[in-house]
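Engineer: Quick one: the structure is below, and I'll ask about it shortly.
Number of protein chains: 2
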Amino acid sequence: MVSITEENYLKSLLQLRLNKGKEEGVGTNELAEYLSIKPATANDMLKKLKEKQWVDYEKYGKIFLTKKGKKIAIEVLRKHRLWETFLYEKLSFTWDEVHEVAEQLEHIQSIKLIDKIDEMLGFPEFDPHGEIIPKKNGEFKIHFKKTLDEIAIGESCKMVSVNDNSTTFLQYVVKVGLGINNTIKVLSKQSYDDLIEIEVNGHISSVSQRFAKNIFVICKNCETSKTCSNKHFEHTD
Amino acid sequence: MVSITEENYLKSLLQLRLNKGKEEGVGTNELAEYLSIKPATANDMLKKLKEKQWVDYEKYGKIFLTKKGKKIAIEVLRKHRLWETFLYEKLSFTWDEVHEVAEQLEHIQSIKLIDKIDEMLGFPEFDPHGEIIPKKNGEFKIHFKKTLDEIAIGESCKMVSVNDNSTTFLQYVVKVGLGINNTIKVLSKQSYDDLIEIEVNGHISSVSQRFAKNIFVICKNCETSKTCSNKHFEHTD
DNA sequence: TTTTTTTGTTAGGTAAGCTTAACTTTATTA
DNA sequence: TAATAAAGTTAAGCTTACCTAACAAAAAAA
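Protein chains in written order, with the working numbering: chain A, 7 to 243; chain B, 7 to 243.
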């Protein structure tokens, strides 16, 4: 049996790990800060999680999820992101409203329920924030999100979300011809005025650094690309 | 703030009250039994609920929900029944599967969520078990469920559910011309062989006591009818 | 290298929700 | 009405998940 609290610890360990790319292992204080609890509390729980073989660490050392622990964490993350998608797609919640409710819904214990929700949504790949949704079988290839300005010249990427929900910005996004799931190729970058030349659907336009920083993308084929500096997460221990 | 445990206590007090018609007030042991906890535990919690003014009782006396407490309990019951309907209607859960999951979902704190689910379902009146769903405004006129054999001669009622889900029985139900929401009028009862003569959609048939005991109905206009022995629940204290 | 800061651990304590065991009050029935 | 049974209460104790305060280890800076 996994308690709701335990699920939250495991999920947080996974998320902290995902937020930092190659550098592995999470610290006690870091975890405590993330969960808004005191380090002493986190330390107590970590002992318990270690005993249950969901995490592994040495005294004063970094904390790692075990294979079992990672499996649980990925399942919770899957539920969270599917519920967010459900709220957004089916119940017209806004981006900023979905998280709080999904934090509760992610702990509902019913495999059938979440699989049915998955089915109802058409087995979506990404949630409303552009985050990848783990598959039922635990498959979870992480493409760390980047902003458009981080993409190298010649590289292609896929737009997944935006970092600015103002009407002004969103209207500009539409004007440039951009939208969720569009493939964007970075053609060139002007060092003089920092403009980025991009190609979307065969149409070429130039955007500013400021604009590009508000466009979230994931790398295309970043596993094979040499120029891609993306960070990968090994989900198969 | 209402904890999940507190919500369950209040909901159970309401349900126990509903299950017994006129006889008001619930006992400590009765409540404990219903919640599968020990009377001592229930007693502790009841003190807390009294302090929060959600229940009222005197030492060694029967327990009553206050107006505030009843409001919370009705909200939880509303959520429970709407979630059951959602699972049944939208995710093709079966009758026996919905309850367990709804027990968890009923505690999700989001007014917007449950109102949107209500809307998605077309503001249903009854859940898959034929139980009435309280309205958003707290309106909750209880028609205690009866079985068809309890209906007096000359009285009309509405079929809401069945107590036997076997294929044999259900096929028989269809053959007799019965279905959910049908209005049934009891024409006569034969004392010799206990057959009940009913009228459904202008069609007259006779059914056995055994059959009638498996048909759940609610009284029509039972508030005004003198012959109706139905029990009423005052929801406006 | 020594000092200081950061990070992690231990010990003792609290509140919620549960338990058992012993007891009191109320209700039943002989 | 007195004995017995049922219902309700109290007290002491457990577990989970949190806290503060004091301390130890590791890392960073002087």
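Glycine is no exception: its CB is placed at the ideal position from the N, C-alpha and C atoms.
Keep in mind the model is a prediction, meaning the values are calculated, not measured.
Quick check on DSSP: helix, strand or coil for Ile117(B)?
Structural biologist: By 1-based counting over the second sequence, the position of residue 117(B) is 111. Looking at Ile117(B) - three-state DSSP - the assignment turns out to be helix.
Engineer: Taking CB distances under 8 angstroms as the criterion, tell me whether Leu119(B) reaches chain A.
Structural biologist: If you number the second sequence from 1, residue 119(B) lands on position 113. Taking Cβ atoms only, chain A reaches closer than 8 angstroms to Leu119(B), which makes this a yes.
Engineer: Return the CA-CA distance between Glu109(B) and Ile202(B), expressed in angstroms with no decimal places.
Structural biologist: The residue you call residue 109(B) lines up with position 103 of the second sequence. The residue you call residue 202(B) lines up with position 196 of the second sequence. Rounded to whole angstroms, Glu109(B) to Ile202(B) spans 38 angstroms at the Cα level.
Engineer: Since Thr72(B) and Trp60(B) are thought to touch, with beta carbons under 8 angstroms apart, how far apart are those beta carbons, to the nearest angstrom?
Structural biologist: The residue labelled residue 72(B) in the question sits at position 66 within the second sequence. The residue labelled residue 60(B) in the question sits at position 54 within the second sequence. Correct: roughly 6 angstroms between the Cβ atoms.
Engineer: Taking buried to mean at least 16 other C-beta atoms within 10 Å of its own C-beta, is Ser214(A) buried or exposed?
Structural biologist: As a working note, residue 214(A) is residue 208 in the first sequence. Classification of Ser214(A): exposed, given that the 10 Å Cβ count is below 16.
Engineer: Does Cys234(B) come within less than 8 angstroms of chain A when only Cβ atoms are used?
Structural biologist: On the second sequence, position 228 is the one that residue 234(B) refers to. Residue placement at Cys234(B) is poorly supported in this model, since its pLDDT is 42, which falls under 50; the coordinates are not used for a value here.
Engineer: Since Ile186(A) is in the alpha helix (DSSP H), which residue starts that stretch and which ends it?
Structural biologist: The sequence position of residue 186(A) within the first sequence is 180, counting from 1. From DSSP, Ile186(A) is part of no alpha helix (DSSP H); its letter is neither H nor E.
Engineer: Can you pull the chain A neighbours of Ser214(B), defined as C-beta to C-beta under 7 angstroms?
Structural biologist: Indexing the second sequence from 1 puts residue 214(B) at position 208. Ordered by position in chain A, no residue passes the 7 angstroms Cβ test against Ser214(B), which lies about 37 angstroms from the chain.
Engineer: Mind checking which residues open and close the alpha helix (DSSP H) that includes Phe222(A)?
Structural biologist: The sequence position of residue 222(A) within the first sequence is 216, counting from 1. Per DSSP, Phe222(A) belongs to no alpha helix (DSSP H); it is in the beta strand (DSSP E), 221 to 225.
Engineer: So, does the CB of Gln21(A) fall closer than 8 angstroms to a CB anywhere in chain B?
Structural biologist: Here residue 21(A) is taken as the residue at index 15 of the first sequence, counted from 1. No, because no Cβ of chain B sits closer than 8 angstroms to the Cβ of Gln21(A).
Engineer: Excluding the 5 residues preceding and the 5 following Lys195(A) in the sequence, name in chain order all residues of the same chain whose CB lies nearer than 8 angstroms to its CB.
Structural biologist: Counting from one through the first sequence, the residue named residue 195(A) turns up at place 189. Closer than 8 angstroms at the Cβ level, and outside the excluded window around Lys195(A), lie Ile159, Leu201, Ile202, Glu203.
Engineer: Taking the continuous beta strand (DSSP E) assigned at Glu205(A), which residues delimit it?
Structural biologist: Here the question's residue 205(A) lines up with position 199 in the first sequence. Start and end: 202 to 206.
Engineer: Can you give the Cα-Cα distance for Trp105(B) and Ile190(B), rounded to whole angstroms?
Structural biologist: Indexing the second sequence from 1 puts residue 105(B) at position 99. Indexing the second sequence from 1 puts residue 190(B) at position 184. The displayed chain sequence assigns His, not Trp, to residue 105(B). If you take the alpha carbons of His105(B) and Ile190(B), they lie about 28 angstroms apart.
Engineer: Take Ile117(A) as the anchor and find which of Ile114(B), Leu127(B), Leu97(B) has the nearest alpha-carbon.
Structural biologist: Residue mapping note: residue 117(A) aligns to position 111 of the first sequence, counting from 1. Nearest of Ile114(B), Leu127(B), Leu97(B) to Ile117(A), Cα basis: Leu97(B).
Engineer: If you draw a straight line from the C-alpha of Asn236(A) to the C-alpha of Gln21(A), how long is it?
Structural biologist: As a position in the first sequence, residue 236(A) is number 230, starting the count at 1. As a position in the first sequence, residue 21(A) is number 15, starting the count at 1. Reliability of the predicted coordinates at Asn236(A) is poor, the pLDDT of 42 falling under 50, and no value is obtained from them.
Engineer: From the DSSP output, which residues share a beta bridge with Met165(B)?
Structural biologist: For the purposes of this step, residue 165(B) is taken as residue 159 along the second sequence, with counting starting at 1. In the DSSP output, where bridge partners are listed per residue, Met165(B) has Val223(B).
Engineer: Quick one: what's got a C-beta closer than 7 angstroms to Tyr40(A)'s C-beta in the same chain, skipping five residues either side?
Structural biologist: Walking along the first sequence from the start, residue 40(A) turns up at place 34. Once the five neighbours on either side are set aside, the close Cβ partners of Tyr40(A) are Ser18, Leu22.
Engineer: Do Glu137(A) and Arg87(A) count as a contact pair if the criterion is CB distance below 8 angstroms?
Structural biologist: As a position in the first sequence, residue 87(A) is number 81, starting the count at 1. As a position in the first sequence, residue 137(A) is number 131, starting the count at 1. Result yes, Cβ atoms of Arg87(A) and Glu137(A) sit closer than 8 angstroms.
Engineer: Any C-beta of chain B within less than 9 angstroms: which residues of the stretch 109 to 138 of chain A qualify?
Structural biologist: Under the 9 angstroms Cβ criterion, the stretch 109 to 138 of chain A contributes Gln110, Leu111, His113, Ile114, Gln115, Ser116, Lys118, Leu119, Lys122, Ile123, Glu125, Met126.
Engineer: Please name the residue or residues paired with Asp124(A) in a DSSP beta bridge.
Structural biologist: Counting from one through the first sequence, the residue named residue 124(A) turns up at place 118. Its beta-bridge partners do not exist; DSSP assigns none.
Engineer: Verify whether the separation of the beta carbon atoms of Lys56(A) and Gly31(A) is less than 8 angstroms.
Structural biologist: For the purposes of this step, residue 56(A) is taken as residue 50 along the first sequence, with counting starting at 1. For the purposes of this step, residue 31(A) is taken as residue 25 along the first sequence, with counting starting at 1. It is not a contact, given that the beta carbons lie outside the stated cut-off.
Engineer: Could you check the C-alpha separation between Pro130(A) and Val192(B) for me, to the nearest Å?
Structural biologist: Within the first sequence, residue 130(A) is the residue found at index 124, counting from 1. Within the second sequence, residue 192(B) is the residue found at index 186, counting from 1. Going from the Cα of Pro130(A) to the Cα of Val192(B) covers about 52 angstroms.
Engineer: If we cut at 8 angstroms on Cβ distances, does Ile157(B) have a partner in chain A?
Structural biologist: Taking the first residue of the second sequence as position 1, residue 157(B) is located at position 151. Chain A contact via Cβ: absent.
Engineer: Apart from the five residues just before and just after Leu127(B), which ones in its own chain have a Cβ nearer than 8 angstroms to its Cβ?
Structural biologist: One-based indexing of the second sequence puts residue 127(B) at position 121. These residues qualify, in order along the chain: Leu88, Thr91, Phe92, Glu95, Lys96.
Engineer: Quick check on Leu97(B): does DSSP put it in helix, strand or coil?
Structural biologist: On the second sequence, residue 97(B) is found 91 positions in, with the first residue counted as 1. Residue state, collapsed to three classes: coil.
Engineer: Quick check on Thr173(A): buried or exposed, where buried means 16 or more other Cβ atoms within 10 Å of its Cβ?
Structural biologist: In the first sequence, counting from the first residue as 1, residue 173(A) sits at position 167. Exposed, because fewer than 16 other Cβ atoms sit within 10 Å of the Cβ of Thr173(A).
Engineer: Going along chain A in order, which residues have a C-beta closer than 9 angstroms to the C-beta of Glu97(B)?
Structural biologist: Here the question's residue 97(B) lines up with position 91 in the second sequence. At residue 97(B) the sequence reads Leu, which differs from the Glu that was named. Per Cβ cutoff of 9 angstroms: Lys118, Leu119, Lys122, Ile123, Glu125, Met126.
Engineer: State yes or no: is the beta carbon of Asp243(A) nearer than 8 angstroms to at least one beta carbon in chain B?
Structural biologist: Numbered from its first residue, the first sequence carries residue 243(A) at position 237. For Asp243(A), the predicted structure reports a pLDDT of 39, less than 50, and the residue's modelled location is therefore unreliable. The matter cannot be settled from this model.
Engineer: Give every residue of the same chain whose Cβ lies closer than 6 angstroms to the Cβ of Val82(A), excluding the five residues on either side of it in the sequence, and list them in chain order.
Structural biologist: As a working note, residue 82(A) is residue 76 in the first sequence. Result list for Val82(A): Glu13, Lys17, Glu112, in chain order.
Engineer: Which residue wins for smallest C-alpha separation from Arg216(A), given the options Asp199(A), Asp102(A), Glu125(A), Ile210(A)?
Structural biologist: For the purposes of this step, residue 216(A) is taken as the residue at position 210 of the first sequence. Out of Asp199(A), Asp102(A), Glu125(A), Ile210(A), Asp199(A) has the C-alpha closest to the C-alpha of Arg216(A).
Engineer: Give me the residue from Val8(A), Asn207(A), Gln177(A), Gly33(A) with the minimum Cα distance to Tyr1(A).
Structural biologist: Residue coverage of chain A in this structure runs from 7 to 243, which leaves residue 1(A) outside it and unanswerable.
Engineer: Starting from Ser211(A), trace the beta strand (DSSP E) both ways and give me its first and last residue.
Structural biologist: Within the first sequence, residue 211(A) is the residue found at index 205, counting from 1. Start and end: 209 to 213.
Engineer: Residues of chain B with a CB under 8 angstroms from the CB of Val104(A): which are they?
Structural biologist: The sequence position of residue 104(A) within the first sequence is 98, counting from 1. Simply none; closest approach about 10 angstroms.
Engineer: Whole angstroms is fine: what's the gap from Tyr178(B)'s alpha carbon to Ile210(B)'s?
Structural biologist: For the purposes of this step, residue 178(B) is taken as residue 172 along the second sequence, with counting starting at 1. For the purposes of this step, residue 210(B) is taken as residue 204 along the second sequence, with counting starting at 1. Distance between the alpha carbons of Tyr178(B) and Ile210(B) is about 15 angstroms.
Engineer: If you measure from the beta carbon of Val8(A) to each beta carbon in chain B, is any gap under 8 angstroms?
Structural biologist: Numbered from its first residue, the first sequence carries residue 8(A) at position 2. Val8(A) does not count as touching chain B.
Engineer: Pull the bridge partners of Asp62(A) from the DSSP assignment, please.
Structural biologist: The count along the first sequence starts at 1 and reaches residue 62(A) at position 56. Its beta-bridge partners are Phe70(A).
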